[in-house]
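In our numbering, the protein residues as written are 217 to 396.
The next block holds one structure in the form of structure tokens; read it before the comments.
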């Protein structure tokens with residue numbers, strides 16, 4: 217099977233943030249979608265090994281910032297390939313605390329959502345958190361970064377904890393079979 221096929225599913229690129237016990241963290245996610253319109257409910261998928269997962273699980277709150285196509289790879293690298301257990305991801309980053317007291321990334325972001333977890337689903341390596349949107353706003357105009365744009369234009373990769381991660385040997389096999 218050509219596993220890169222799953223990367224063709226239409227995704228966006230977002231920073232999901234959480235706060236618990238005075239600790240902030242955030243991470244890149246590509247699995248965020250609207251579930252209902254009334255009330256506004258969204259769902260995200262987060263790897264259980266990530267600090268953000270622990271903070272969402274404890275606080276039952278999260279934010280999601282919708283990233284612009286102009287977002288730098290350095291910024292994405294900080295939130296997507298480094299752990300908040302080792303560094304302060306918010307150092308030098310434009311953010312504010314929202315109405316729920318959770319950080320919202322404002323730099324590189326077109327809009328944001330603040331959500332309260334109303335349900336969750338354990339999927340083995342990941343948890344799907346379902347959140348009722350409590351606040352949302354648009355910050356600027358521009359094009360939202362899609363996961364395809366991140367891969368094809370920016371040349372981005374997926375970390376091992378991403379739901380769409382492809383092992384190096386699978387990537388090599390895809391290339392041998394004419395995959396992308």
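All C-beta atoms, glycine included, are put in the ideal place defined by N, C-alpha and C.
- Residue pairing from DSSP places residue 347 in a beta bridge opposite 258 and 333.
- Positions of the beta strand (DSSP E) runs, each at least 3 residues long and wholly inside the stretch 219-260, are given as 230-236, 239-245 and 248-253 in order along the chain.
- About 5 Å separates the beta carbon of residue 229 from that of residue 283, a gap short enough to meet the 8 Å contact definition.
- The distance from the Cβ of residue 306 to that of residue 240 is about 6 Å, consistent with a contact at the 8 Å cut-off.
- Residue 278 is bridged by DSSP to 331.
- Taking a 10 Å sphere around the C-beta of residue 330, we find 16 or more other C-beta atoms and assign the residue as buried.
- Burial is judged here by how many other beta carbons sit within 10 angstroms of a residue's own beta carbon; residue 337 has fewer than 16 and is exposed.
- Rounded to the nearest angstrom, the gap between the Cα atoms of residue 257 and residue 362 is 21 Å.
- Cβ neighbours of residue 321 within its own chain (closer than 6 Å, five residues either side excluded): 231, 281 and 311.
- In the DSSP assignment, residue 312 falls within the unbroken beta strand (DSSP E) covering 311-313.
- DSSP, reduced to helix, strand and coil, places residue 322 outside both helices and strands of the structure shown, so it counts as coil.
- For residue 290, the enclosing alpha helix (DSSP H) stretches over residues 289-297.
- Taking 8 Å as the upper bound for CB-CB distance, residue 300 and residue 277 are not in contact here, some 16 Å apart.
- The Cβ-Cβ distance between residue 316 and residue 332 falls below 8 Å.
- In this structure residue 318 is in contact with residue 233, their Cβ atoms being roughly 6 Å apart against a cut-off of 8 Å.
- Non-local C-beta neighbours of residue 249 in its own chain, meaning closer than 8 Å and more than five positions away in sequence, comprise 258 and 259, ordered along the chain.
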